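Residue numbers (my numbering): 559 to 1018.
Beta carbons: idealized from backbone N, C-alpha and C, even for Gly.
Model, not experiment: these values are computed from the prediction.
A short write-up of the structure that comes next.
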Amino acid sequence: MPGTPQQQSGGPTLHEVLLRKGYFGLLLIAALVGIPVSLAAFGFVSLEHQLQHWVWESLPDAAGFSRAPWWWPMPALLLAGLLLAPVVTRLPGHGGHIPVVGFGGGPSLPRDVPGVVLAALAGLPLGVVLGPEAPLMAMGSGLALLAVRSARRTEQPQLVRVLGTAGSAAAISTIFGSPLVAGVMMIEAAGLGGPRLVALILPCLLASGVGALVFTGFGHWTGLSIGALALPSVPKTGIPDPGDFLWGIPLAVTIAVVSVAGQTFGRRVKAYTTGDPDGPRPRPTARQTAVRTVLCAVAVGACLTAYALLTGRSPEEAALSGQATLSTLAADPAAWPIGALLALVLCKGVGWGIALGSLRGGPIFPAILLGAALGVACAPLPGFGTASALAAGLAASAAAVTRLPLSSTVLATALLGGEAANAMPLLIVAAVTAFITGELLRSRAGRAPVPSDRTAAEVG
559 MPGTPQQQSG
569 GPTLHEVLLR
579 KGYFGLLLIA
589 ALVGIPVSLA
599 AFGFVSLEHQ
609 LQHWVWESLP
619 DAAGFSRAPW
629 WWPMPALLLA
639 GLLLAPVVTR
649 LPGHGGHIPV
659 VGFGGGPSLP
669 RDVPGVVLAA
679 LAGLPLGVVL
689 GPEAPLMAMG
699 SGLALLAVRS
709 ARRTEQPQLV
719 RVLGTAGSAA
729 AISTIFGSPL
739 VAGVMMIEAA
749 GLGGPRLVAL
759 ILPCLLASGV
769 GALVFTGFGH
779 WTGLSIGALA
789 LPSVPKTGIP
799 DPGDFLWGIP
809 LAVTIAVVSV
819 AGQTFGRRVK
829 AYTTGDPDGP
839 RPRPTARQTA
849 VRTVLCAVAV
859 GACLTAYALL
869 TGRSPEEAAL
879 SGQATLSTLA
889 ADPAAWPIGA
899 LLALVLCKGV
909 GWGIALGSLR
919 GGPIFPAILL
929 GAALGVACAP
939 LPGFGTASAL
949 AAGLAASAAA
959 VTRLPLSSTV
969 LATALLGGEA
979 ANAMPLLIVA
989 AVTAFITGEL
999 LRSRAGRAPV
1009 PSDRTAAEVG
């Protein structure tokens, strides 16, 4: 049996990697770090959900409304912008990576963690159309690096990358519904092979497993939500037939186009708020960035208000990360008129694009809701079905936005639970189709390399 590329080129063997001095110590550190990191992440997620419940349910009820009124997002997002502006302009780390940049910027340092947490809590509960995954990853990597002295971080940059990645895996161990999703996502993003891949796999899986144990245990003991993206009820699937693929492939292409369009819009918004290093215009001042951040937050609020006015439904459906709306949509797709679904895609999609380039949070959760909504809207097509449309929408949207087709297929499988077995061929085809379409669109527009390319360079 031929050796791995590393062995053929004279690189280290798996045996040498595992027995390298300090590697088992690194595994122990990764497992131990997973405990405080996941505890901090659990506290963050619980607080964020409590604030979200207070803003969108308790406060409207106390004001005499049965649900959040149509104008509710405007003051909520104005407040989010006012709270976020000083964080992104004055604190170390600027509140974390701008979402449209993606996850390829390397691990966050411990000094950046307070700004990341404040930015997330200032925006996410108030309706910012982003998810909690990016702040959790940044917080996890920053806290994990507290276990390494500053001088050692400078001397051993590879240790920083591996331990930071393990911390991120621990922080998001259950946020995607399964610790396996977090582990696979970190591994696929690394873009490594052979012994180097195994060297990264083990710390990530250990940290992710420990994090999941802590999340689940504290969620059970305290009764608080662990904030996982989950679908308690989904339509019953059958074996995909030709009609499912006939419509599923164009649906995946459409979802990829929508996702890339939102990200392209987000890059233009980023150039407006924080500047474009390759652009002809000078970088905005801190004051200009603060003002433009507030304006963008208000624009997101206007998108949510437009959804409520167009549909007569609660603006909360289009606000926030989309976790609750996705669960509601999957549980009862028939309760959603096609017009409401298309309005959700339009209004939330525009708000998502604005938030990607100006606010702080993760890009994945809202994109998955947009894909699911497009899928359910296409379900009445002849030969298609709700279950197949939802499955294709979940896999395609995740692949288009993360640019990680394997992780996206695993994520969609975890969300569908027992119904995923029958839908697996469609999930794979939809994820691959959306990934290829997205990469073709980005290459024509001259976009940056895929996240795995950047991360591979960093880890290696």
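Cβ-Cβ distance between residue i and residue j below 8 Å
i	j	result
Thr995	Val792	no
Gly870	Ser596	no
Ala978	Gly951	no
Ala888	Leu771	no
Leu914	Val591	no
Leu1019	Cys854	As displayed, the chain neither begins before 559 nor continues past 1018, which places residue 1019 out of reach and without an answer.
Leu721	Leu703	yes
Leu884	Leu927	yes
Gly653	Gly673	yes
Leu953	Ala970	For the sequence presented, residue 953 should be read as Ala rather than Leu. Closer than 8 Å, so yes.
Ala680	Ala621	no
Ala937	Pro895	no
Cys905	Ala882	no
Cβ separation of residue i and residue j, assumed to be a contact under 8 Å, to the nearest whole Å
i	j	result
Ser817	Ala925	6 Å
Ser731	Ser699	Wrong, their Cβ atoms sit about 13 Å apart, outside the cutoff.
Pro693	Ala678	4 Å
Leu635	Val856	6 Å
Ala640	Val671	Checking the displayed sequence, the identity of residue 640 turns out to be Leu instead of Ala. At roughly 22 Å, the Cβ-Cβ gap does not stay under 8 Å, so Leu640 and Val671 are not in contact.
Thr832	Ile656	7 Å
Thr863	Met695	Between Met695 and Thr863 the Cβ distance is about 31 Å, and since that is not below 8 Å, they are no contact.
Ala955	Ile813	Correcting the residue type first, residue 955 is Ser in the shown sequence and not Ala. That pair is a contact at about 5 Å.
Ala589	Met697	Contact flag wrong, Cβ pair sits at about 19 Å.
Through-space distance from residue j to residue i, alpha-carbon basis
i	j	result
Ile759	Met744	8 Å
Val739	Ala972	8 Å
Ala709	Arg719	Interpretation of Ala709 is limited by its pLDDT of 42, a score under 50 that renders its predicted location unreliable; the figure taken from the coordinates is listed afterwards. Computed Cα separation, rounded: 15 Å.
Pro921	Gln608	21 Å
Tyr830	Thr843	11 Å
Arg1002	Leu902	28 Å
Val849	Ala643	7 Å
Leu684	Phe582	43 Å
Leu998	Leu900	25 Å
Thr647	Gly976	46 Å
Leu962	Ala747	7 Å
Val675	Trp612	19 Å
Ile986	Thr886	24 Å
Asp834	Pro840	8 Å
Trp614	Gly660	28 Å
Leu605	Gly943	38 Å
Val801	Thr774	A small fix is needed here, since residue 801 is Gly in this sequence, not Val. Using only the alpha carbons, I get a separation of about 40 Å.
Asp619	Gln610	14 Å
Val968	Ser624	38 Å
Lys828	Leu878	20 Å
Pro737	Pro838	44 Å
Gly651	Gly941	50 Å
Glu691	Gly796	32 Å
Ser666	Thr822	25 Å
Val603	Ala729	10 Å
Leu787	Gly880	9 Å
For residue i, the first and last residue of its enclosing alpha helix (DSSP H)
i	result
Asp802	800–831
Lys906	896–916
Ser955	944–960
Glu606	581–611
Arg845	844–869
Asp619	617–620
Phe623	Phe623 -> no alpha helix (DSSP H), and no H or E assigned at all.
Pro983	978–1003
Pro940	It is not in any alpha helix (DSSP H) - Pro940 carries neither H nor E in the DSSP assignment.
Val934	922–936
Pro672	671–681
Thr883	881–889
Contact set for residue i: own chain, Cβ-Cβ below 6 Å, skip 5 residues either direction
i	result
Trp910	Val687, Gly820, Pro924
Phe803	none
Gly824	Val658, Gly911, Leu914, Gly915
Gly859	Pro631, Met632, Leu635
Ala957	Pro963, Ser966, Ala989, Ala992, Phe993
Cβ shell of residue i (< 8 Å), same chain only, five flanking positions each side left out
i	result
Pro798	Gly806, Ser946, Asn980, Ala981, Pro983, Leu984
Thr960	Met743, Ile922, Ser966, Pro1009
Neighbourhood of residue i by C-beta distance below 7 Å, restricted to the same chain and skipping five residues each side
i	result
Cys762	Thr723, Ala724, Ala727, Gly741, Met744, Ile745
Pro873	Ala626, Trp628, Trp630, Pro631, Leu862, Thr863, Tyr865, Ala866
Leu585	Leu760, Pro761, Leu764
Gly933	Leu809, Ala947, Leu948, Ala950, Gly951
Gly907	Val816, Gly820, Leu928
Pro594	Leu701
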